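Encoded as structure tokens, the structure appears first; notes follow it.
There are 2 protein chains.
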Amino acid sequence: MAQAFNEALSELVRVIQFRDRDRACCHDLSVTQCYALKGVVDEGKMTVNELAAHLYLDKSTASRVANGLVEKEMLEKRRDEQDGRLVHLLPTERGRRVQRAIESDLLAEYAELLEEFDPAFRAAIVKLMRRLRKTFRARVDASGGSCCFVGDRGGSRA
Amino acid sequence: MAQAFNEALSELVRVIQFRDRDRACCHDLSVTQCYALKGVVDEGKMTVNELAAHLYLDKSTASRVANGLVEKEMLEKRRDEQDGRLVHLLPTERGRRVQRAIESDLLAEYAELLEEFDPAFRAAIVKLMRRLRKTFRARVDASGGSCCFVGDRGGSRA
DNA sequence: AGCTAATAGTTGGTTATGACAACAATAGTT
DNA sequence: AACTATTGTTGTCATAACCAACTATTAGCT
Chain Z
-6 MAQAFNEALS
4 ELVRVIQFRD
14 RDRACCHDLS
24 VTQCYALKGV
34 VDEGKMTVNE
44 LAAHLYLDKS
54 TASRVANGLV
64 EKEMLEKRRD
74 EQDGRLVHLL
84 PTERGRRVQR
94 AIESDLLAEY
104 AELLEEFDPA
114 FRAAIVKLMR
124 RLRKTFRARV
134 DASGGSCCFV
144 GDRGGSRA
Chain U
-6 MAQAFNEALS
4 ELVRVIQFRD
14 RDRACCHDLS
24 VTQCYALKGV
34 VDEGKMTVNE
44 LAAHLYLDKS
54 TASRVANGLV
64 EKEMLEKRRD
74 EQDGRLVHLL
84 PTERGRRVQR
94 AIESDLLAEY
104 AELLEEFDPA
114 FRAAIVKLMR
124 RLRKTFRARV
134 DASGGSCCFV
144 GDRGGSRA
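Going line by line, the protein sequences match chains Z and U. According to the working numbering, the first sequence is numbered sequentially starting from -6. According to the working numbering, the second sequence is numbered sequentially starting from -6.
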């Protein structure tokens, strides 16, 4: 059972990664930029560090990803009034529009796909996904994986 | 609903990607090498092209990934008797052992996680995952994504 | 048989991704 | 005021992946 689950999940992840690689180009964005844009649009506002944590990336990488999106005029940087260190990332109108465009056909597809399951099951699926995410995240936060190197690594990200 | 589903799924994928990044190092393998090893072990035997298709990678990348695993003595190359062009990838004993090791704790974790859902639901989950995979794959095969560039791209991979 | 596809893998070159470390600027603490 | 912590940026490096060009086989025609 766990076997089948593993099989299905890992293949699914791979297909999705691939799909995202392809999809991203559609709007002249890298995969990571896509994720970042979605994050900022969903949250409305994020600091670079928050973005890094959200995407499980190093803050330096997050910074560069953000810069890319600023260049493409999808995000805007704004320094915090109180704390001069903070840089808030805000979606521009264009950023919001692109994000909506990227998401809309995806949502349509999902909606269609979910239709064939009954409502109770659909709800359970979402619950499961969240549960999975929580579990994995916990493991990751506990310090990077189950085996080996339990030490130092992972200090700077998230 | 589709919204919640998308949210959960995309976050899940991201966490898993991150988890895999961390986990892989445990056995001195890259994430892709892990996937490749699993593929070959599961299938018992694969050509480079088959591996590429399986992982949604360019054949050149697949070739290099395979070489990496051969160097680490987890895979073995063998030319086909009939068709001299074909290179079969076969798992070594060591490869099989490592693959088992990588998978075992993962499976234990999944088993534990699945326990809290009742059997019928568990089965449905797997079904859904497969369904998702199939849908995405179909979309991808149809030629790389929903929008833009419907042409040339994607010809050489898969 | 002999010439021309087509196919399987490999190699070269380029880009992108992301980590780590060092740094600057700001904020808090004693 | 001096030290420390935090936030973000920049420099540098390794890896992963793509595409294109190439080699070596094999298959298909005539």
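Just so you know, even glycine gets a beta-carbon here, dropped at the ideal spot from N, CA and C. Just so it is clear, the structure is predicted and the values come from calculations on it, not from any experiment.
- Taking 3 residues as the minimum length, the beta strand (DSSP E) runs contained wholly in the stretch 59 to 101 of chain Z are 68 to 72, 80 to 84, in order along the chain.
- Taken through DSSP and simplified to helix, strand or coil, methionine 122(U) comes out as helix.
- With respect to chain U, the C-beta atom of valine 6(Z) has a partner C-beta closer than 8 Å.
- In the assembly as shown, lysine 31(U) is a buried residue. Its beta-carbon has 16 or more other beta-carbons within 10 Å.
- Within chain Z, the residues Tyr103, Ala104, Leu107, Pro112, Arg115, Ala116, Val119 have their CB atoms less than 9 Å from the CB of methionine -6(U), given in chain order.
- With 16 or more other Cβ atoms from the protein chains shown falling within 10 Å of its own Cβ, proline 84(U) counts as buried.
- In the DSSP assignment, histidine 47(Z) falls within the alpha helix (DSSP H) that extends over 41 to 48.
- Among the residues of chain Z, those whose CB is under 7 Å from the CB of threonine 128(U) are Leu106, following chain order.
- With at least 16 other beta carbons inside 10 angstroms of its own, serine 3(Z) counts as buried.
- Remark: C-beta atoms of glycine 37(U) and methionine 67(U) do not approach each other more closely than 8 Å.
- If you check each beta-carbon in the stretch 33 to 45 of chain U against every beta-carbon of chain Z, the ones closer than 9 Å belong to Asp35.
- Classified as buried, asparagine -1(Z) has 16 or more neighbouring CB atoms from the shown chains inside 10 Å of its CB.
- Contact residues of the stretch 86 to 101 of chain Z toward chain U are Glu96, Asp98, Leu99, Leu100, Ala101 (C-beta to C-beta distance below 8 Å).
- Take the alpha-carbon of aspartate 13(U) and the one of glutamate 108(U): they are about 23 Å apart.
- Membership of cysteine 27(Z) in the alpha helix (DSSP H) is indicated by the continuous run 24 to 36.
- Here histidine 20(U) carries a helix assignment [DSSP, helix/strand/coil].
- Between leucine 106(U) and isoleucine 118(Z), the CB-CB gap reaches or exceeds 8 Å.
- For methionine 67(Z), the nearest beta carbon of chain U is not closer than 8 Å to its own beta carbon.
- Under the 8 Å criterion on CB atoms, alanine 1(Z) is classed as interfacial with respect to chain U.
- DSSP places phenylalanine 110(Z) outside both helix and strand once states are collapsed to three, so it counts as coil.
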